[in-house]
Amino acid sequence: MFELAERLLDYSKSKGFSQCEIYIEKILEKSFDLKNETDFSKGLTETIGVALRLVKGKFVFFVNSTVNDEKSIERLIDNASSIGFSKKIDVQILPQLNEELSFSEINLFDETKIKDAVYEMSSIAKNADKRIQNVKSSSINTIEKHIWLMNSYGLKSHQAYNTVDAQVSVLAKDKIEEIGWYDQKGFSLDEIDFENIAKTASIRAIEKLSPSSFSTKKLSVILSNEVMSYMLRYFFNIFSAQSVIDKTTKLELGKRAFSSSISIIDDIFAKGGIKFFVDEEGIKKTPTIVVENGELKTFLHNTYTSNKLKSQNTANARRYGFVNPIKVGPANFYLKPSDKSLQDLFDSIDGFYITEIMGMHMANPVSGDFSLGVNGFLIESGQKAHYIKASTFSDNFYNILNKIMTVANDLYFTGSVGSPSVWVADCVIGGEN
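In structure tokens:
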């Protein structure tokens, strides 16, 4: 792929572009899915795409294409200034690096072992309880990703990694029906606890079969690790330097922004996250402390934002696929866990444990305001006492991070953003009046 990138780089220069960057992405995705305990299927998808950033005068042009033939990409370059997405720039937008980088961590997956694991999870889930009516899905997906990057300053980078994701979804029935789901991600099959995935999915369904009524009240809340990671991912942009430029964040450097119980880190080596050795501009990634004991230490940057704000580049350039332009994004962005277990949090309160949220997409990413539908459990004497369905939770994300009393040790990632479960004081959960 470097040969293709070099030819496209030379061609771009010949067309008068003063700065050029060639990004080539190859993704191989395999799926192994068992539906309804009997219907097994395999899938294979391969995509190869190229994205170019081309600078001429005071404008940068973005064009992209799947890699079918080289001539079609050259035609894109010919017409970049008329058909490409463009943006006026006032600072250096490409990293001025002249170095070669290569990082590869590829595990080979045994497809026979994967198929056996899919059937095993389905069987364990079905036999976990007589109230499990059906294992709707037992699946394992693997992804292998390669990124080649070259720019006109001499940067030449390649990184490759793969991931595996196993998940189970079950249907339980006892007067009412409920769904239970659980997944685990890793970099090798040995990291995945298939038995735990199956049993957890079944337990989650069974626990929901006897819902109780609930009256609106103010109480302590525990947000599950999944819920908190979803919320942190949705509001990630308040930590992006682009939000400083756009004036869409309330955060200020060097000031205490949140509870002193909170530290937030962006780290490629976080267990359970995705390994980005370099960002998607080719800059080496090192651990970044974003928030320490409630105080904002840095915003996250790519080349453009760091030059615009005259700040240290934290190597957080992300594309989210070759069809998208560069933005600031997480490597492995997570709320630092403590040494306390989730049970320790349960033992600390009589309150509400939120396990599911609905309507996150309606939250205001700038103000932080949200109003969510929530499901969860009343916690009494350290135990899940009653399942509560279809309650409401309205608050503000900035307020939530200020009201966190304790974080647990159960770090969980949704993509590149993770969190442990957290105990939040003084929340209003809406129920029946």
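The sequence shown begins at -9 in our numbering and counts up by one.
Yeah, the Cβ is synthetic: ideal placement off N, Cα and C, and Gly gets one too.
Secondary structure note for N392: its alpha helix (DSSP H) is the uninterrupted segment F387 to N392.
Taking a C-beta distance under 9 Å as the contact criterion, Q123 and N297 do not qualify as a contact pair. Going by C-alpha positions, K237 is about 28 Å away from V414. Beta-bridge partners of K135 (DSSP): I17 and Y151. Look at the beta carbons and you see the region 355 to 364 touching the region 380 to 393: at least three pairs across the two are nearer than 8 Å.
Take the alpha-carbon of N58 and the one of Y13: they are about 15 Å apart. T28 counts as exposed, since fewer than 16 other C-beta atoms from the protein chains shown sit within 10 angstroms of its C-beta. Here T239 is buried, its C-beta having at least 16 other C-beta atoms within 10 Å. For F403, there is no enclosing alpha helix (DSSP H); the enclosing beta strand (DSSP E) has its first and last residue at Y402 to T404. CA-to-CA, the gap between A107 and K32 works out to about 14 Å. Shown here, F312 sits in coil according to DSSP, grouped into three states, outside any helix or strand. In the assembly as shown, Q302 is an exposed residue. Its beta-carbon has fewer than 16 other beta-carbons within 10 Å.
Counting along the chain, the unbroken alpha helix (DSSP H) around L66 starts and ends at E60 to D68.
Excluding five sequence positions before and after V356, the CB atoms of its chain that fall closer than 7 Å to its own CB belong to T238, given in chain order. The Cβ atoms of V318 and G39 do not sit closer than 9 Å to each other. In this model, K189 and E(-7) are separated by some 49 Å (Cα to Cα).
Using a 10 angstroms sphere on the CB of F259, the tally of other CB atoms stays under 16, which defines it as exposed. In its chain, beyond the 5 residues on either side, V414 have a beta carbon closer than 6 Å to the beta carbon of I390. With the rule of 3 Cβ pairs closer than 8 Å, the region 139 to 153 does not count as touching the region 101 to 121. Of the other Cβ atoms in all chains shown, 16 or more fall within 10 Å of the Cβ of A(-5); this residue is therefore buried. For A115 against S128, the beta-carbon gap comes to about 7 Å, under 8 Å, which counts as contact. In the structure shown, R223 adopts helical secondary structure according to DSSP, grouped into three states.
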